[in-house]
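This report refers to the structure that appears directly beneath it.
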Ligand SMILES: Nc1ncnc2c1ncn2[C@@H]1O[C@H](COP(=O)(O)OP(=O)(O)OP(=O)(O)O)[C@@H](O)[C@H]1O
Ligand SMILES: [Mg+2]
């Protein structure tokens, strides 16, 4: 689909005349929110440290790639369909599932404008061993282009799957504004790995809606980016659900990456655990903002949150703000954030054993985020990530040579 | 092998070492004893090249070279080893992994080929057995979750792997139970050789019963106030530092 380049807000149509009625109304309300509030600016609390000014005035060509494709055929029990096709043939099945009509800013923009995407459906009681791998190739044009990938992942009761999403790309002028919705039935489990390799402009949101005793485990790896904003929201709606949100990000050069997490404890006896680690060098900026809401009635909640950052240069910047909002008693919660440099006594210890300073620094730097990389259980992906991380840390080469 | 002359060291502007003279020949074992805060660890750190210790006077010559000019890793490459009083934990860096990197860096410096994984593991097993360090501990992150005694055994395991010419061992015996002390002492005695010198810092005569020193120094308030043979350590144990200190006053 090609049109004249337009600014993001101008590209919202005046009315929505195609698709099922319910989708039109979801899109309409998203569009209304956008018209009313516009894109975030400096005064928008959630965007305080991340300016999207360069995006507001830019005229982007609509440049949707094909629907993202799974790397290998869907295994037994998993159905993968084009969203466009399902919306044409059985729209009722998606009603209430493509849900982000009330959301703000970029997620609303995606909701109003997406034309294609995927529905990954894991039938009840299926344990999928091999990970489902999804690569979101950005459009290949050199003009500034925008694409709106949309994915719905439904894991029915008692099922288990792993999804590995990669956002590759080399063209810094392209904007990817993605939304992934995850629905977890009772006792369902999803391991979700998300890799941001694109050095350009990316905005993305994942929302996981979790029924009782379900488990959502997310590992996010962001390997730089001119402007990246990524939000993960886990809604613990059924008793005994758990989520584990982990992430690692590296910024260098003039990178600016901003990760937000939101965990909503809406039911009793749910657990959430978050570990985010960041390494900032060059003139890079990294932002982490994580909030855990424990709603009234969510007794016996256990929520932990940790964000640690390694600052490798005086010109890099880290903003971190983990916080809790607790509306009930009987909870166990903790949160913490640190920003620091490499530990001098660890460095000295390694050097007294004969490890050259540069290698010692690289070893400690890699060790700082290795824990997060190690949470990726799929070995080939883990190895690939290890390489990608080492390639981005000073003297990382030497660490590889030394092992 | 090591010659310390009139060494003065300040930490954050306050003088800690106030004129140390000490000479150690290859094959010798020297012990340094002294009360808390007298500057023993400071001396050890200065020898290993830790930052933040300002040498205001004096010099240190090691194998004919100016030791103080060298980076910590260059000292290690030349055969200096420090056994830490408080070994740091390094989460995420595995013991054997970093030791292999260390050993191969040293071998490179000596003009030797790097050890391959199989030969390295063979060597590691042999040296770990010397101090009864379990396989699991050699593979874990450096000192992470190690007990006090395990940390000290790990130091000696590393020393055995790296085969230094000068080992400075800072309270390698503290926090050890009797059996562990024996294990470590046996390990150290095995490592004793005519080419290797050791500087053993300790509070207790106990260790010196096992590793009999050639020379004993008493360090008080940044100065060596007494030097003698192994009997000096026995006297210290019996009479305490106060006696020795008083005995030196006019
Ligand atoms: N980084 C530092 N900053 C300030 N003072 C220091 C520092 N390091 C050491 N000191 C001081 O130097 C003195 C000597 O310390 P050192 O650790 O060398 O003593 P020690 O003889 O090893 O004692 P111990 O037997 O307790 O291990 C102490 O008074 C100590 O407080
Ligand atoms: Mg000490």
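Chains as they are written, first to last, in the working numbering: chain Y, 11 to 413; chain F, 65 to 314. All C-beta atoms in this analysis are idealised placements derived from N, C-alpha and C, irrespective of residue type, glycine included. Just so it is clear, the structure is predicted and the values come from calculations on it, not from any experiment.
Residues near residue i in its chain [Cβ-Cβ closer than 8 angstroms; skip 5 each side]
i             : result
residue 208/F : 153, 154, 155
residue 465/Y : An answer regarding residue 465/Y cannot be provided, because it is not within the stretch 11 to 413 covered by chain Y.
Neighbour flag for residue i against chain F, beta carbons, 8 angstroms
i             : result
residue 371/Y : no
residue 364/Y : yes
residue 358/Y : yes
residue 377/Y : yes
residue 402/Y : no
residue 367/Y : yes
Whole-angstrom distance between residue j and residue i, CA atom to CA atom
i             : j             : result
residue 228/F : residue 144/F : 6 angstroms
residue 23/Y  : residue 178/Y : 29 angstroms
residue 101/F : residue 285/F : 7 angstroms
residue 15/Y  : residue 158/Y : 15 angstroms
residue 114/F : residue 87/F  : 21 angstroms
residue 266/Y : residue 321/Y : 14 angstroms
residue 173/F : residue 225/F : 15 angstroms
residue 160/Y : residue 66/Y  : 21 angstroms
residue 367/Y : residue 360/Y : 8 angstroms
residue 108/Y : residue 121/Y : 8 angstroms
residue 196/F : residue 212/Y : 53 angstroms
residue 158/F : residue 238/F : 24 angstroms
Unbroken beta strand (DSSP E) run spanning residue i, endpoints
i             : result
residue 67/F  : 66-75
residue 140/Y : No beta strand (DSSP E) contains residue 140/Y, which DSSP labels as neither H nor E.
residue 268/Y : 266-275
residue 287/F : 287-292
residue 126/F : 117-126
residue 99/Y  : Careful: residue 99/Y lies outside any beta strand (DSSP E), inside the alpha helix (DSSP H) at 93-99.
residue 87/F  : 78-88
residue 180/Y : That residue, residue 180/Y, is in no beta strand (DSSP E); it is neither H nor E in DSSP.
Chain-order list of residues whose beta-carbon lies under 6 angstroms from that of residue i (same chain, five-residue window excluded)
i             : result
residue 270/Y : 241, 299
residue 229/Y : 203, 256, 385, 386
residue 217/Y : 191, 243
residue 285/Y : 256, 316
residue 188/Y : 159, 214
Residue nearest to residue i in terms of C-alpha spacing, selected from the options
i             : options                    : result
residue 129/F : 226/F, 263/F, 67/F         : 67/F
residue 283/Y : 291/Y, 272/Y, 277/Y, 293/Y : 272/Y
residue 108/F : 403/Y, 362/Y, 393/Y        : 362/Y
residue 200/Y : 40/Y, 117/Y, 105/Y, 163/Y  : 163/Y
residue 150/F : 408/Y, 356/Y, 395/Y        : 356/Y
residue 292/Y : 325/Y, 316/Y, 260/Y        : 325/Y
residue 343/Y : 334/Y, 350/Y, 351/Y, 349/Y : 334/Y
residue 135/Y : 124/Y, 194/Y, 146/Y        : 194/Y
residue 71/F  : 252/F, 193/F, 121/F        : 121/F
residue 274/F : 247/F, 291/F, 287/F, 258/F : 247/F
residue 364/Y : 265/F, 142/F, 182/F        : 142/F
residue 316/F : 106/Y, 149/Y, 369/Y        : Residue 316/F lies beyond the residue range present for chain F, which begins at 65 and ends at 314; the question has no answer from this structure.
residue 93/Y  : 388/Y, 407/Y, 79/Y         : 79/Y
residue 91/Y  : 101/Y, 129/Y, 391/Y        : 129/Y
Residue i: first and last residue of the uninterrupted alpha helix (DSSP H) it sits in
i             : result
residue 262/F : Not the alpha helix (DSSP H): residue 262/F falls in the beta strand (DSSP E), residues 261-265.
residue 103/F : No alpha helix (DSSP H) holds residue 103/F; DSSP gives it neither H nor E.
residue 243/F : 242-255
residue 150/Y : Premise fails: residue 150/Y is in no alpha helix (DSSP H) and is neither H nor E.
residue 321/F : Summary: the structure shown does not reach residue 321/F, with chain F confined to residues 65 through 314, and so no result is reported for it.
residue 60/Y  : Run containing residue 60/Y: none; DSSP gives neither H nor E here.
residue 202/F : 199-203
Cβ shell of residue i (< 7 angstroms), same chain only, five flanking positions each side left out
i             : result
residue 89/Y  : 131
residue 262/Y : 234, 291, 292, 294, 402
residue 308/Y : 275, 276, 277, 278, 280, 338
residue 382/Y : 229, 256, 257, 258, 285, 287
residue 115/Y : 49, 50
Proximity test, Cβ basis, 8 angstroms: residue i and chain Y
i             : result
residue 66/F  : no
residue 162/F : yes
residue 154/F : yes
residue 119/F : no
residue 227/F : no
residue 148/F : yes
residue 137/F : yes
Residue i: CB within 7 angstroms of a non-hydrogen atom of ligand 4
i             : result
residue 106/F : With respect to small molecules bound, the structure shown includes ligand 1 and ligand 2 and not ligand 4.
* Check distances from the C-beta atoms of the stretch 204-225 of chain F to those of chain B and list, in chain order, the residues that come in under 7 angstroms. => The structure shown contains no chain B; the protein chains it does contain are Y and F.
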